[in-house]
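Report on one structure; see the data block that follows.
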Amino acid sequence: MQKFNAVFERFGAASGADSVAAKIALEGPSISVTYASLHYEASKLVKVLPGRVVAVALPFGVAQIAVVCSAIMGHKVFVPLDDTQSTTRNRKLLRDAGINCLVCMPTSALLDDLQATQTRTSVFHELIVVASWSDDAATITDPTLADDDAMYVLFTSGSSGAPKGVIGSYSATWNRLSWMWAAHPFAANECVLRQTKLSFVDAVAEILGTLCGGATLVVPSASSFAPLIVEDISSFADIMKTHRVTRLTLVPSVLQLLLQSRLLPMFGDLRYLIVSGEMLHIDLVTCAQVALPQCRLLNLYGSTEVAGDVSCWVATTNCTRVSIGSAIANTTLRLVDVSGAIITSDDVPGELWVAGAGLALGYLNRPEEYKARFQTVDGVRWFKTGDVCVWQSGLLYLSGRLDDFVKIAGVQVHLQAVEATARAFLSQVSAPWRVVAVAVVSLGGWHQYDTLVVCVGIDGGSVDTDALLRTIFIDHPTVPAHVFCIALDAFPQTSSGKADRKQVAALFAARSRADTSWLATLLPAKWPVPSELSPSMTLTELGLHSMALAMVLHTLQTDYGVHLRLVDLIGMTLEQLEHTIAHSKRPRESPVPSRKRKRTDPQPAQLRCQWEVQVGKCIDASPRLAVTATETYVVVGSHDHHVLCINAKNGGVKWRIELPDRVEASAAIGAYRVVVGCYDGGIYCLDLFSGEVQWQFATKDQVKCSPLIVAEKAAVVCGSHDHHVYGLDLNSGRLLFTIPFPKSVFSTPAFNADVLYCASLSGDVRAYAWPALLLGEPTPLWSYTLTAPVFCSLRCSPVHNVLLVGCADAALYGFSLEGAVQWTALTAKPIFSSPSLGVVDGRDVAVFGSHDGVVRCVSIATGECIAKLDVGCAVFASPAVFDLEKQPSVCVCTTDGRVFVWKLTAAAPTTATFCGAGDIFSSPVVWGDTIFVGTRGDRMLALALDTTASSPQ
Numbered sequence: 002m003q004k005f006n007a008v009f010e011r012f013g014a015a016s017g018a019d020s021v022a023a024k025i026a027l028e029g030p031s032i033s034v035t036y037a038s039l040h041y042e043a044s045k046l047v048k049v050l051p052g053r054v055v056a057v058a059l060p061f062g063v064a065q066i067a068v069v070c071s072a073i074m075g076h077k078v079f080v081p082l083d084d085t086q087s088t089t090r091n092r093k094l095l096r097d098a099g100i101n102c103l104v105c106m107p108t109s110a111l112l113d114d115l116q117a118t119q120t121r122t123s124v125f126h127e128l129i130v131v132a133s134w135s136d137d138a139a140t141i142t143d144p145t146l147a148d149d150d151a152m153y154v155l156f157t158s159g160s161s162g163a164p165k166g167v168i169g170s171y172s173a174t175w176n177r178l179s180w181m182w183a184a185h186p187f188a189a190n191e192c193v194l195r196q197t198k199l200s201f202v203d204a205v206a207e208i209l210g211t212l213c214g215g216a217t218l219v220v221p222s223a224s225s226f227a228p229l230i231v232e233d234i235s236s237f238a239d240i241m242k243t244h245r246v247t248r249l250t251l252v253p254s255v256l257q258l259l260l261q262s263r264l265l266p267m268f269g270d271l272r273y274l275i276v277s278g279e280m281l282h283i284d285l286v287t288c289a290q291v292a293l294p295q296c297r298l299l300n301l302y303g304s305t306e307v308a309g310d311v312s313c314w315v316a317t318t319n320c321t322r323v324s325i326g327s328a329i330a331n332t333t334l335r336l337v338d339v340s341g342a343i344i345t346s347d348d349v350p351g352e353l354w355v356a357g358a359g360l361a362l363g364y365l366n367r368p369e370e371y372k373a374r375f376q377t378v379d380g381v382r383w384f385k386t387g388d389v390c391v392w393q394s395g396l397l398y399l400s401g402r403l404d405d406f407v408k409i410a411g412v413q414v415h416l417q418a419v420e421a422t423a424r425a426f427l428s429q430v431s432a433p434w435r436v437v438a439v440a441v442v443s444l445g446g447w448h449q450y451d452t453l454v455v456c457v458g459i460d461g462g463s464v465d466t467d468a469l470l471r472t473i474f475i476d477h478p479t480v481p482a483h484v485f486c487i488a489l490d491a492f493p494q495t496s497s498g499k500a501d502r503k504q505v506a507a508l509f510a511a512r513s514r515a516d517t518s519w520l521a522t523l524l525p526a527k528w529p530v531p532s533e534l535s536p537s538m539t540l541t542e543l544g545l546h547s548m549a550l551a552m553v554l555h556t557l558q559t560d561y562g563v564h565l566r567l568v569d570l571i572g573m574t575l576e577q578l579e580h581t582i583a584h585s586k587r588p589r590e591s592p593v594p595s596r597k598r599k600r601t602d603p604q605p606a607q608l609r610c611q612w613e614v615q616v617g618k619c620i621d622a623s624p625r626l627a628v629t630a631t632e633t634y635v636v637v638g639s640h641d642h643h644v645l646c647i648n649a650k651n652g653g654v655k656w657r658i659e660l661p662d663r664v665e666a667s668a669a670i671g672a673y674r675v676v677v678g679c680y681d682g683g684i685y686c687l688d689l690f691s692g693e694v695q696w697q698f699a700t701k702d703q704v705k706c707s708p709l710i711v712a713e714k715a716a717v718v719c720g721s722h723d724h725h726v727y728g729l730d731l732n733s734g735r736l737l738f739t740i741p742f743p744k745s746v747f748s749t750p751a752f753n754a755d756v757l758y759c760a761s762l763s764g765d766v767r768a769y770a771w772p773a774l775l776l777g778e779p780t781p782l783w784s785y786t787l788t789a790p791v792f793c794s795l796r797c798s799p800v801h802n803v804l805l806v807g808c809a810d811a812a813l814y815g816f817s818l819e820g821a822v823q824w825t826a827l828t829a830k831p832i833f834s835s836p837s838l839g840v841v842d843g844r845d846v847a848v849f850g851s852h853d854g855v856v857r858c859v860s861i862a863t864g865e866c867i868a869k870l871d872v873g874c875a876v877f878a879s880p881a882v883f884d885l886e887k888q889p890s891v892c893v894c895t896t897d898g899r900v901f902v903w904k905l906t907a908a909a910p911t912t913a914t915f916c917g918a919g920d921i922f923s924s925p926v927v928w929g930d931t932i933f934v935g936t937r938g939d940r941m942l943a944l945a946l947d948t949t950a951s952s953p954q
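Heads up: the sequence shown begins at 2 in this note's numbering, then just goes up one per residue.
This is the structure in structure tokens:
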């Protein structure tokens, strides 16, 4: 306490060599407050704050900071309250803490029906109310609050249904702050953004660490209880740049939003990115380092019970795991097994215990919980965190929890408590039911939990899911949540009969959907959505992954003149989105005609169905040809979990094998083997003649990438949704190498001259020397980061030494094999159609489609567009380049189910559509005079070309 007062006295000192009085303490939009002015305003407030415990219910702004400083100067215990929480909850907290003084805004609902003396005062021209009352029920019942060292009471989020107050101390706070000043001292003119809610412990270090350290705190204008990054991300970005913020504290979920919105590289003044509050994943670390190579990333670990932080890890370049580091000053960490023995060996899991100067004084009015979580051993007081960790070379690594607590979007949630809430609601349902809650990742390519999902299994009855969701929101108002029902006999469970949370996450990702109407003009093709749309639903709740969201952003910009960032789009409801489109500044138009424009009129249809094979579900994978000494086969996988081998001539099914989950990616064929990825995370090698599984390799997430067989190396290379590219032995499936990426890998790699080329959804394009990979040295020969994800398969032209990369930023890039961009071919919308190579009039060309509905033929040497065809609908599939009547031709399929055959020297397609087969996302393959293609109409088709058709002039 004395140390803080000594620092505050310096704020008001007008002279002296170390005077900070004239320095700027707080700055922001229309804000400039010196240390002397802050000291003056805080000193005035000390005189009007009665009692020992003071509640602070103020939004972000200078008044909030002045009141906190005043409470410390007056030796008060301050208790932050969030005025956006329910009044009933906040009033209960007032009673529990024995509070009879509240500082709030004049409009606060807490003032309603409160028998209190209200004093209005102005702090830096902001009007606030100091309300005081005498209430027999509001008496200090916990003697800890009378302790001279008691500084604040911070209530948890209420994730378990009953918020608990943690009593923090001045000494613990000073220890945490002084460690940071010594370990990572402020440089001259540093600025720290004020962005953590006051009810979270990180706000204490954010405010007092900055001010007591003599730096400048950048403060948004008083308007909201929500952080600016949540309230208005554009204003957040403006403040970061305008005030040249050098330090930023955030939770991993918010860091993920900054990376998704591609804002982070704009903050070039950042020296420290301080991350805490959730388990941090390596993909976020890698992306942050790429975005801000000059910035130091600190991963802090702790909780409210230990003044926020007890350990620190400084991220290193090329790190492959995230540690929580080692203990900060005056702190001891130990791991304890279930018997109470201390663990000192590496890689042995145990519960993390903390001792030292940072421990809280206890829990408010919860002596039994204090005894359970704080334990004295040999005269030393320890806090039992409940987190399971392992030691490894002197560093700690988080590996889980002892209980069912998870962090969802930065908020701690007790899954069992959520299930208890749901059970209480479902008790009125007469039909048999079961329920389970699970945290899921709704955004493809990321690892931070962002949605709470409650799955109800019911036997023949019905559940009001909206009412259940409202009930859950009472205890979890800030957590994105979703409720869905399934038949009781389909309820996911383990072999022992327990609810299987992993299966629930998969069910949620693949839940049944149907078509809708109004979104058709916005989403690519006919994106499947629930038949009953709620206006409050978001695109992420509809299942849109990163690829689909990228297309939506481009459509909004090019067709409607609406400019949004990804983070804005993620949070918008369908009602808000529809309103935004309806009130856009200009009518729907595009540099190229939209999907509603007049389509290219083909010549009379000259395609006929030679044969078809029915499958159980749609085919998105592209067929592959397998040629043997006696027969030619078509191999393709489908969403019904099967891979089929079909006789190319007559459509006879040679074999059909079922895998554990759906097959979305194309197979690779070589050495009489079929290698295919599966949604269960497996890469399977099948015998071409029998379909029998020869080997399988398990990745850690879905495989949506088509494998690449490198014949000269007898190897298979394949990417996974788990952010890695794997190199496997073709004969045995043995792991040869692993390449980590910041995000998921959809793009099939390319191989040329002993170099492997890879790309990922992070936009990274890299080249690796094959021999180095086999030696366990995945250091790229070169790396280039594009501004949007790469979904397309890579293509390499050895003749021109060019690597072709299609990107979701609407451009096809021609890279030199040394990593320099030689040319760019622009389209109007994202590219997911992989380029195909061919020759036209002696020139090597690449042909590719775009979601702008145009197929382009460009020179591989220069990127010059030689020819293009407007097919009037988005093209997802890769075109097939072949010779028709000795003329270079292209077969291209559109997402609305039409098939075009285009002679590149002709002005219009010579042959078009086979209608009624369903939408087409599968790339066609041409063999002789036959086109093979899979459809979303659950059919594999062989379409015969009539080569006698005349071409238009």
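Glycine included, each C-beta is placed from N, C-alpha and C at the ideal position. None of the values given here were measured: they were computed from a predicted structure.
{"query": "Per DSSP, the bridge partner or partners of aspartate 347", "result": "Trp392"}
{"query": "Rounded separation between phenylalanine 745 and glutamine 823 - CA only", "result": "The sequence given here places serine at residue 745; phenylalanine does not occur at that position. Approximately 26 Å, taken between the alpha carbons."}
{"query": "Distance between tyrosine 302 and histidine 415 (C-alpha atoms, nearest Å)", "result": "19 Å"}
{"query": "Straight-line gap, tryptophan 519 to threonine 581 (C-alpha atoms, nearest Å)", "result": "Note on tryptophan 519: pLDDT 49, under 50, position unreliable in the model; the coordinate value appears next. C-alpha separation (whole angstroms): 13 Å."}
{"query": "Sequence-distant residues of the same chain with beta carbon closer than 7 Å to glutamine 3, five excluded per side", "result": "none"}
{"query": "Straight-line Cα distance separating asparagine 300 from tyrosine 398", "result": "11 Å"}
{"query": "Cβ contact (3+ pairs, closer than 8 Å) linking the segment 188-199 and the segment 35-42", "result": "no"}
{"query": "Short Cβ contact (8 Å threshold) for alanine 26 with leucine 218", "result": "yes"}
{"query": "Given valine 882 as reference, the closest of Ile684, Gly214, Val846 once Cα atoms are compared", "result": "Val846"}
{"query": "Any 3 or more C-beta pairs closer than 8 Å across the segment 148-156 and the segment 274-292", "result": "no"}
{"query": "Length at least 4, wholly inside the segment 49-76: the alpha helix (DSSP H) runs in chain order", "result": "63-74"}
{"query": "Cα-Cα separation between tyrosine 273 and alanine 14, rounded to whole angstroms", "result": "30 Å"}
{"query": "Three-way DSSP call (helix, strand, coil) for proline 144 in this model", "result": "helix"}
{"query": "Residues of its chain near proline 741, where Cβ-Cβ distance is below 8 Å and the 5 sequence neighbours each way are ignored", "result": "Ile283, Thr287, Thr321, His724, His725, Pro779"}
{"query": "Reduced DSSP category for aspartate 662 - H, G, I as helix; E, B as strand; rest coil", "result": "coil"}
{"query": "8 Å contact criterion, which proline 889 and glycine 839 should meet: CB distance rounded", "result": "6 Å"}
{"query": "Arginine 471, DSSP secondary structure in three states", "result": "helix"}
{"query": "Residue range of the beta strand (DSSP E) that includes histidine 725", "result": "725-730"}
{"query": "Whether isoleucine 100 touches valine 131 by CB criterion (8 Å)", "result": "no"}
{"query": "Exposure label - glutamate 370; buried when at least 16 CB within 10 Å", "result": "exposed"}
{"query": "Euclidean distance between Cα positions of serine 924 and asparagine 732", "result": "28 Å"}
{"query": "From Arg844, Leu271, Leu689, His801, residue whose alpha carbon lies closest to that of glutamate 632", "result": "Leu689"}
{"query": "Contact under 8 Å by Cβ, serine 60 with phenylalanine 201", "result": "The residue asked about is misnamed: residue 60 is proline in this sequence, not serine. Not closer than 8 Å, so no."}
{"query": "DSSP state of tryptophan 175 mapped onto helix, strand, coil", "result": "helix"}
{"query": "Spatial neighbours of isoleucine 73 in its chain, beta-carbon cut-off 6 Å, leaving aside the 5 residues before and after", "result": "Phe5"}
{"query": "Short Cβ contact (8 Å threshold) for histidine 203 with glycine 309", "result": "The displayed chain sequence assigns aspartate, not histidine, to residue 203. Going by C-beta atoms, aspartate 203 is nearer than 8 Å to glycine 309."}
{"query": "Range of the contiguous beta strand (DSSP E) that encloses methionine 241", "result": "Careful: methionine 241 lies outside any beta strand (DSSP E), inside the alpha helix (DSSP H) at 234-243."}
{"query": "Beta-carbon proximity of glycine 359 to aspartate 338, cut-off 8 Å", "result": "no"}
{"query": "Opening and closing residue of the beta strand (DSSP E) in which valine 891 lies", "result": "888-894"}
{"query": "Rounded straight-line distance, which links the Cα of isoleucine 861 to that of serine 841", "result": "What sits at residue 841 in the sequence shown is valine, not serine. Distance between the alpha carbons of valine 841 and isoleucine 861 is about 11 Å."}
{"query": "For aspartate 897, the nearest candidate out of Thr906, Phe922, Pro880 (CA to CA)", "result": "Phe922"}
{"query": "Rounded distance between the beta-carbons of glycine 764 and alanine 943, thought under 8 Å", "result": "Going by Cβ atoms, the distance from alanine 943 to glycine 764 rounds to 38 Å, so no, they are not a contact pair."}
{"query": "Pick from Cys486, Val718, Gln65, Asp348 that is closest to threonine 700, judged by C-alpha positions", "result": "Val718"}
{"query": "Member of Glu693, Leu762, Phe752, Pro836 whose CA lies at the smallest distance from the CA of lysine 705", "result": "Leu762"}
{"query": "Endpoints, beta strand (DSSP E) assigned at threonine 786", "result": "783-786"}
{"query": "Cβ-Cβ separation, alanine 627 to valine 636 (assumed contact under 8 Å), whole Å", "result": "6 Å"}
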